[in-house]
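K.L.:
Sequential numbering of the sequence shown, starting at 26, is according to our numbering.
Glycine is no exception: its CB is placed at the ideal position from the N, C-alpha and C atoms.
Have a look at this one before I ask anything.
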Amino acid sequence: MKLFKNFFCLLGGSLLAVAIRVVYPFRHYKIGRLPSHEIGHYATNIEVYLCEKDAQLNNHNKKSRDIWYRNPTAGVSNQQLDKMWARTIKISTSPIVRYTDAISRRLPGRAKFAIIHHDRDAYALFDKMAPHLSFTSQEILEGEQFLDSVRTFPGQKFVCLAVRDSSYKRAQFEDRDIAKDDYRNNDIRNYQIVAEQLAKDGYLVFRMGAKVERPFVTTSPQVIDYASNGMRSEFLDIYLGANCELFISSVLGIDSIPEIFRRPRVLTNYIPIGNFGKYGPRDLIIP
26 MKLFKNFFCL LGGSLLAVAI RVVYPFRHYK IGRLPSHEIG HYATNIEVYL
76 CEKDAQLNNH NKKSRDIWYR NPTAGVSNQQ LDKMWARTIK ISTSPIVRYT
126 DAISRRLPGR AKFAIIHHDR DAYALFDKMA PHLSFTSQEI LEGEQFLDSV
176 RTFPGQKFVC LAVRDSSYKR AQFEDRDIAK DDYRNNDIRN YQIVAEQLAK
226 DGYLVFRMGA KVERPFVTTS PQVIDYASNG MRSEFLDIYL GANCELFISS
276 VLGIDSIPEI FRRPRVLTNY IPIGNFGKYG PRDLIIP
């Protein structure tokens with residue numbers, strides 16, 4: 026049965042790879058695989074691509090019909106982000122699309138029919154264009170109800186704090202050697218002073234993270250260990266990052282959410298230095 030399915034997908038993919046070339050003079054189709062397994066790339070790469078397409082840069086055709094697909098073996102890093110992208114771009118669940126892309130990339134003219142994406146806003150388009158993602162009215166209601174439940178006064182502003190450690194990567198990529206990235210990790214305890222000062226200044230502070238090594242212990246009830254206290258959800262990961270007054274990060278994937286929603290960030294302990302060119306005027310970088 027599996028052999029028959031693979032043969033059918035291979036045949037269908039071959040036919041579609043040829044078909045998109047036949048109809049190219051009349052309609053331009055492009056196919057691309059979503060980097061859905063890592064939240065940072067899933068957020069930034071797609072937003073950069075859509076901005077460049079709208080601006081018709083890097084040979085992007087604004088009128089092309091883009092068809093995306095998820096890598097079935099890699100999983101989805103955040104279901105809420107995935108849901109929001111599915112409202113914005115065409116995401117196919119057919120395995121034939123994956124075969125079509127693989128075959129098309131081996132045929133002449135492959136660059137015309139492949140979606141090429143990256144994570145650098147090289148043309149500063151984020152400052153010129155509105156975000157491509159938005160929340161539904163129901164999602165806004167849900168997010169604001171949560172915030173109202175933890176605020177000490179109406180409309181209280183909040184800051185997000187995300188500090189990189191090894192827990193998330195080790196859990197997500199059990200079959201990969203991630204020790205080479207350990208030099209980028211930080212200790213959340215080093216951020217206690219700044220979190221408590223922000224709380225004194227009237228802000229709520231949410232310590233972010235899907236998986237963390239240790240709880241964040243502070244003397245202020247205004248500093249919420251959202252990552253450890255049971256509040257965390259994939260929806261709130263996105264909503265908080267998209268609506269915070271400021272996002273403080275030691276550079277990890279979740280800080281791409283405020284980036285694509287045009288929120289200011291402070292990036293601390295910044296490594297590698299060669300990536301400085303990736304960031305924009307809303308970012309303060311502290312090496």
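In whole angstroms, what is the alpha-carbon distance linking Val122 and Ile56?
P.N.:
8 Å
K.L.:
Considering only C-alpha positions, which residue in the set Ser119, Leu277, Cys269, Met233 is nearest to Gly38?
P.N.:
Ser119
K.L.:
Under the DSSP definition of a beta bridge, which residues are partnered with Thr243?
P.N.:
Partner(s): none; Thr243 has no beta bridge.
K.L.:
Can you tell me whether Glu169 is buried or exposed? The criterion is at least 16 other CB atoms within 10 Å of its CB, across all chains shown.
P.N.:
exposed
K.L.:
Mind listing, in chain order, the continuous beta strand (DSSP E) runs of no fewer than 3 residues lying wholly within the stretch 258-286?
P.N.:
With a minimum length of 3 residues, the continuous beta strand (DSSP E) runs that stay inside the stretch 258-286 are 271-274.
K.L.:
Are there three or more Cβ pairs, one per stretch, closer than 8 Å when the stretch 152-170 is compared with the stretch 245-259?
P.N.:
The stretch 245-259 and the stretch 152-170 do not touch, with fewer than three beta-carbon pairs separated by less than 8 Å.
K.L.:
Cα separation between Phe183 and Leu132?
P.N.:
51 Å
K.L.:
Where DSSP assigns a beta bridge to Leu309, which residues make up the other side?
P.N.:
Val291
K.L.:
Taking only three categories from DSSP, how would you classify Phe231?
P.N.:
strand
K.L.:
Per DSSP, what are the beta-bridge partners of Ile92 in this structure?
P.N.:
Ile56
K.L.:
Would you kindly report the start and end of the unbroken beta strand (DSSP E) that includes Val101?
P.N.:
Per DSSP, Val101 is not a residue of any beta strand (DSSP E), being assigned neither H nor E.
K.L.:
Mapping DSSP to helix, strand and coil, what is Leu186?
P.N.:
strand
K.L.:
Cβ atoms of Phe272 and Val291: under 9 Å apart, would you say?
P.N.:
yes
K.L.:
Tell me, please, whether the stretch 71-81 touches the stretch 44-53 by the rule of three or more beta-carbon pairs shorter than 8 Å.
P.N.:
Segments in contact, no.
K.L.:
Would the stretch 237-244 count as touching the stretch 261-278 if we require 3 or more Cβ pairs under 8 Å?
P.N.:
no
K.L.:
Name the residue from Ala224, Tyr304, Gly65 whose alpha carbon lies nearest to the alpha carbon of Phe178.
P.N.:
Ala224
K.L.:
So is Ala111 buried or exposed if we call it buried at 16+ other beta carbons inside 10 Å?
P.N.:
exposed
K.L.:
Am I right that Ile114 and Asp91 are in contact with their C-beta atoms under 8 Å? What's the rounded C-beta distance?
P.N.:
6 Å
K.L.:
Look at the Cβ atom of Val276, then the Cβ atom of Arg189, and state whether they are nearer than 9 Å.
P.N.:
In this structure, Arg189 lies closer than 9 Å to Val276 by Cβ.
K.L.:
Sorted by chain position, which residues of the same chain lie with C-beta nearer than 6 Å to Val73's C-beta, five sequence neighbours on each side aside?
P.N.:
Asp146
K.L.:
Taking C-beta to C-beta, are Ala149 and Pro306 nearer than 9 Å?
P.N.:
yes
K.L.:
For Ser7, which residues of its own chain have a beta-carbon under 8 Å away from its beta-carbon, when the five flanking residues on both sides are left out?
P.N.:
An answer regarding residue 7 cannot be provided, because it is not within the stretch 26 to 312 covered by the chain.
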